[in-house]
Each structure stands twice: as structure tokens, then as C-alpha cells.
Amino acid sequence: MTREEMLAYCLAKPGAWLDRPWEGDEVVKVGSRIFAFLGSPEGEARLGVKCGASREVADEWLHRFPADARPSPYIGRSGWNTLRLAGGIPDDELIEAVDGSYDAVVAKLPKRERPTG
5 MTREEMLAYC LAKPGAWLDR PWEGDEVVKV GSRIFAFLGS PEGEARLGVK
55 CGASREVADE WLHRFPADAR PSPYIGRSGW NTLRLAGGIP DDELIEAVDG
105 SYDAVVAKLP KRERPTG
């Protein structure tokens, strides 16, 4: 899956929007919260998503895809992983990871920020 395809998939989620909170980095948010980190368009094609409620749950990705998954810097302890898009993780599993991250973030949003649709 290419970075452009992943970005399009993320932006198709209800209420999703593109933000550039740091110079050169792109993220996709729902409400006020990030559910997908895509990094720089010029960098390695990767995706940062919430892969579990805890580090222990998210570690399943590291065991299954040791060459293509790693804990996300700074927020990895909260269940976030960085997944390579052009690696050995099948596209359908990347899609599932985005869906899970989106659902986890939406569930924590205040009701006034949740998408209606």
C-alpha cells in the first residue's frame, strides 16, 4: 500500500481531516485527536496508529512483524506503533490497524466532537 492510498483511506473516515502540526509531518485527526501519523511525504512510507489499549496488546504487532513494526517514539507506551507501509504487513492488516486506531480515538472523544455519520 502506498502512502497516498493510506492517506486517502484515512481521510475517507467520517469526520477525518488532514493536519500538519509539525513542520513536514502530516497526521489525520478526527475531532481534535490524531488517529494516524503519516510523517513526511518525502520520508519512508509509514503509519503510526494506536494498536491496543496497552503496550502489551500492541506488542503483538512487533512479534508478528519484527522487521516492519516498532513502538512509536514518545507514545509507544500507550499502545501506539509505527508500521512500514511498503514492508511485509499485508494491506488488509494495515487497514484493520487504521480502523482500530480510529475507533479507539473516536470512543475517547467528547460526544460533541464525535462524527455523526
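Note that my numbering has the sequence shown beginning at 5, numbered continuously upward. For each residue, glycine too, the CB sits at the ideal point set by N, CA and C. Computed from a prediction, not measured in an experiment: that's the story for all the values here.
Please report the residue range of the alpha helix (DSSP H) in which residue i lies.
i           : result
residue 112 : 95-112
Work out the CA separation of residue j and residue i for me, nearest whole Å.
i           : j           : result
residue 9   : residue 33  : 17 angstroms
residue 79  : residue 112 : 16 angstroms
residue 91  : residue 72  : 6 angstroms
residue 45  : residue 115 : 32 angstroms
residue 41  : residue 60  : 21 angstroms
residue 26  : residue 51  : 16 angstroms
residue 18  : residue 120 : 8 angstroms
residue 109 : residue 5   : 23 angstroms
residue 83  : residue 62  : 5 angstroms
residue 20  : residue 12  : 10 angstroms
Which residues mark the beginning and the end of the beta strand (DSSP E) in which residue i is found?
i          : result
residue 9  : Taken as a continuous stretch (DSSP letters only), residue 9 belongs to no beta strand (DSSP E), being part of the alpha helix (DSSP H) at 7-15.
residue 22 : 20-26
residue 87 : 84-88
residue 33 : 29-34
Q | Every unbroken alpha helix (DSSP H) inside the stretch 38-78 [4 residues or more] | A | Qualifying alpha helix (DSSP H) stretches, in chain order: 59-68.
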